[in-house]
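Enquirer:
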Amino acid sequence: MVKGVNSNQDTAYLSSITYDVERAIVENNIDPSTQSGKKEIQKAIDNSDKDIPPHLNYVDSFHDVSTGTSGTAFKDTDTGEIILAYTGTNPRGDIAQDVLTDGASIFAGLGYHYDSAYQFYDKMAAKYGSANLTLTGHSLKQTL
């Protein structure tokens, strides 16, 4: 964790909101790698019933349709920290794909769902520096 992080509350909050981002991507068929996709995600965040603290700004996200793996990056404007929030199994996202991935990749020990999570981390580390990254999330994050 980066020194100066505002609170564990911020990371807990973002580990929750990333599920809403994933749901918006899946339900609206958003490509988060495009500028128009990023705008749609920001709009979904703005229209969310959750109030994001003003010092946390959406930066980027990914969703791997082949595994259901996803994550979201936010910047803490008070500290400069980039918080990467990864989802675990999401019953409000693509639950069928999540269950398939859980069974084959996790329980069978194949681990192929990690690739896209690592790629997202590497992308953010290249842009912001690994020393400025903090990871949060549920089951997937715990194994990264």
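In this note's numbering, the protein residues as written are 12 to 155. We put the beta carbon where it would ideally sit given N, CA and C, even for glycine. Keep in mind that this is a model prediction, so the values were computed, not measured.
Hey, could you find the ends of the beta strand (DSSP E) residue 148 is sitting in?
Expert: For the purposes of this step, residue 148 is taken as the residue at position 137 of the sequence shown. Counting along the chain, the beta strand (DSSP E) containing residue 148 begins and ends at 144 to 148.
Enquirer: Contact check, residue 67 vs residue 146 under 8 Å by CB: the rounded distance?
Expert: Here residue 67 corresponds to residue number 56 of the sequence shown, with the count starting at 1. Here residue 146 corresponds to residue number 135 of the sequence shown, with the count starting at 1. 15 Å between Cβ atoms; not a contact.
Enquirer: To the nearest angstrom, report how far apart residue 53 and residue 28 are at their CA atoms.
Expert: Here residue 53 corresponds to residue number 42 of the sequence shown, with the count starting at 1. Here residue 28 corresponds to residue number 17 of the sequence shown, with the count starting at 1. Distance between the alpha carbons of residue 53 and residue 28 is about 12 Å.
Enquirer: Just mark residue 62 as buried or exposed, buried being the case when its beta carbon has 16 or more other beta carbons within 10 Å.
Expert: As a first step, residue 62 is located in the sequence shown; it is residue number 51 there, counting from the start. So residue 62 counts as exposed.
Enquirer: On the criterion of 16 or more Cβ atoms from any shown chain inside 10 Å, does residue 33 qualify as buried, or is it exposed?
Expert: Position 22 of the sequence shown, counted from the first residue, corresponds to residue 33. The residue in question, residue 33, is buried, as its Cβ has 16 or more Cβ neighbours within 10 Å.
Enquirer: Name the DSSP beta bridge partners of residue 83, please?
Expert: Position 72 of the sequence shown, counted from the start, is the residue given in the question as residue 83. Beta-bridge pairing links residue 83 to 72, 96.
Enquirer: If the criterion is Cβ atoms closer than 8 Å, does the pair residue 128 and residue 82 meet it?
Expert: Taking the first residue of the sequence shown as position 1, residue 128 is located at position 117. Taking the first residue of the sequence shown as position 1, residue 82 is located at position 71. Yes.
Enquirer: Alpha carbon to alpha carbon, how far is residue 142 from residue 86?
Expert: The residue given as residue 142 occupies position 131 in the sequence shown. The residue given as residue 86 occupies position 75 in the sequence shown. So the alpha carbons of these two residues sit roughly 14 Å apart.
Enquirer: Roughly how many whole angstroms lie between the Cα atoms of residue 42 and residue 89?
Expert: Position 31 of the sequence shown, counted from the first residue, corresponds to residue 42. Position 78 of the sequence shown, counted from the first residue, corresponds to residue 89. One C-alpha to the other measures close to 29 Å.
Enquirer: Does the separation of the CB atoms of residue 55 and residue 35 fall below 8 Å?
Expert: Start at 1 with the first residue of the sequence shown, and residue 55 comes out as number 44. Start at 1 with the first residue of the sequence shown, and residue 35 comes out as number 24. Yes.
Enquirer: In angstroms with no decimal places, state the Cα-to-Cα distance between residue 119 and residue 38.
Expert: Numbered from its first residue, the sequence shown carries residue 119 at position 108. Numbered from its first residue, the sequence shown carries residue 38 at position 27. Low local confidence applies: a pLDDT of 47 at residue 119 is under 50, so the model's placement there is unreliable, and no value is given.
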